[in-house]
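Residue numbers (the working numbering), protein chains in the order written: chain A, 1116 to 1232; chain B, 4 to 126. Where a beta carbon is used, it is the ideal one built from N, C-alpha and C, also for glycine. Remember, predicted model here, so these are calculated numbers, not experimental data.
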């Protein structure tokens, strides 16, 4: 019954490395999101996408980029990893109109814990 | 910008009731969500309020007052398995405009989360 799958549960990378975090959903959702979660700061939105090949910056996009070539897949890219990007990364997807008012309910993946040394 | 406040931590006894408060300040409001997150796991959806009042789902209830920018999550008959973080999140309306020829696509909303409230249930 897996719905949002993140490819790596734990990663350890070195400063300056390029990092790819992959996310796949099997619910045919239009919307996909990348958040990072840090103690005391909660979940912060990095990027989101409302359609294939479409991306929008969230609240903290600096140092990140994304790719959405297919509807089911949304990738987060760290071009040059830095120690302050050590975090838990959560991918989520949703579809418009899941509630009566049109609001979206997010379904999250299990998360990818990235450590940058 | 958005500012969502909720307590950092709460402790309660098994069988008791706990109320987690959440305040928010923003424009473009489109609903207030509550998620539960057990340690090391993904957040899971609990409840959603867009109109004022109380929504009840078994042992969990959520309340919203839009005029006060205030919501709470009420957990009744606490069980040990309720020990988790509870995340308050505000839905912000988001629409994409493609110009006069294609109009506006209502794409839904994105969520802004509070820091979460860690609830510890003791025997």
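Exercise. Indicate whether residue 1220 of chain A and residue 1132 of chain A have their beta-carbon atoms separated by less than 9 Å.
Key: no
Quiz item: Helix, strand or coil for residue 1200 of chain A per DSSP?
Solution: In the structure shown, residue 1200 of chain A adopts helical secondary structure according to DSSP, grouped into three states.
Quiz item: How would you list, in chain order, the residues of chain B whose beta-carbon sits under 9 Å from the beta-carbon of residue 1220 of chain A?
Solution: 36, 48 and 51
Quiz item: Hey, is residue 1174 of chain A's beta-carbon within less than 9 Å of any beta-carbon in chain B?
Solution: yes
Practice problem: Report yes if the C-beta distance between residue 93 of chain B and residue 7 of chain B is below 9 Å; otherwise report no. | Solution: Contact: yes.
Quiz item: Which term fits residue 103 of chain B, buried or exposed, when burial requires 16 or more other beta carbons within 10 angstroms of its beta carbon?
Solution: Confidence at residue 103 of chain B is low in this model, with a pLDDT of 45, below 50, so the placement of that residue should be treated as unreliable; the coordinate-derived value is given next. So residue 103 of chain B ends up on the exposed side.
Quiz prompt | Cβ shell of residue 1175 of chain A (< 8 Å), same chain only, five flanking positions each side left out | solution = 1151, 1159, 1160 and 1161
Self-check item: Local conformation of residue 83 of chain B per DSSP, three classes
Solution: helix
Practice problem: Could you tell me whether any Cβ in chain B is nearer than 9 Å to the Cβ of residue 1205 of chain A? | Solution: yes
Quiz item: If you compare alpha carbons, which of A/1195, A/1199 and A/1170 is closest to residue 1135 of chain A?
Solution: Minimum Cα distance to residue 1135 of chain A is reached at A/1195.
Quiz item: Alpha carbon to alpha carbon, how far is residue 117 of chain B from residue 33 of chain B?
Solution: 16 Å
Quiz prompt | Three-way DSSP call (helix, strand, coil) for residue 38 of chain B in this model | solution = strand
Quiz item: Run through DSSP, which three-state label would residue 12 of chain B get?
Solution: strand
Quiz item: If residue 120 of chain B sits next to residue 10 of chain B, beta carbons under 8 Å apart, how far is it from one beta carbon to the other, in whole angstroms?
Solution: Indeed they touch by this definition, with Cβ atoms about 5 Å apart.
Exercise. Output the distance between the C-alpha atoms of residue 1126 of chain A and residue 1228 of chain A, rounded to the nearest integer angstrom.
Key: 6 Å
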